[in-house]
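S.K.: To start, I am sharing the structure in question, which I have written as structure tokens.
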Amino acid sequence: MSVFSFLVGKWEGAGKTRLPDGSYAEYPVTWIGRYILDGTAIADEAHAPFPDG
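Our numbering runs 606 ahead of the 1-based position in the sequence shown.
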């Protein structure tokens with residue numbers, strides 16, 4: 607499990623998506639990794655608004 611321990615924590619970043627008109631929209635993303643099942647697995651989740659707000 608220690609090989610993947612770098613995944614545990616909270617990370618802030620940005621997502622980018624292409625809109626129908628061909629332009630791009632960026633939006634904030636929060637990624638959270640945590641130990642589950644008594645430390646035998648890591649769960650990850652990402653939170654982001656829709657690109658249009």
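Glycine included, each C-beta is placed from N, C-alpha and C at the ideal position. Please read these numbers as outputs of a predicted model, since none were measured by experiment.
1. May I have the straight-line CA-CA distance separating Gly662 from Glu651, to the nearest angstrom?
2. Residues in its own chain within less than 8 Å of Gly615 by CB, not counting five upstream and five downstream?
3. Tell me which same chain residues have a C-beta within less than 7 Å of the C-beta of Phe610, skipping the five on either side of it?
4. Where does Val635 sit, in a helix, a strand or coil, going by DSSP?
5. Give the range of the beta strand (DSSP E) segment to which Gly628 is assigned.
M.R.: Reading off the structure:
1. What the structure shows of the chain is the stretch from 607 to 659, and residue 662 is not part of that stretch, so it cannot be assessed.
2. As a position in the sequence shown, residue 615 is number 9, starting the count at 1. These residues qualify, in order along the chain: Ile638 and Gly639.
3. The sequence position of residue 610 within the sequence shown is 4, counting from 1. Non-local beta-carbon contacts of Phe610 in its own chain, meaning distances under 7 Å to residues more than five positions away in sequence, involve Ile648 in chain order.
4. As a first step, residue 635 must be located in the sequence shown, where it is residue number 29. Val635 falls in the strand class under three-state DSSP.
5. Residue numbering aside, residue 628 sits at position 22 when the sequence shown is read from its first letter. Here Gly628 belongs to no beta strand (DSSP E), and DSSP marks it neither H nor E.
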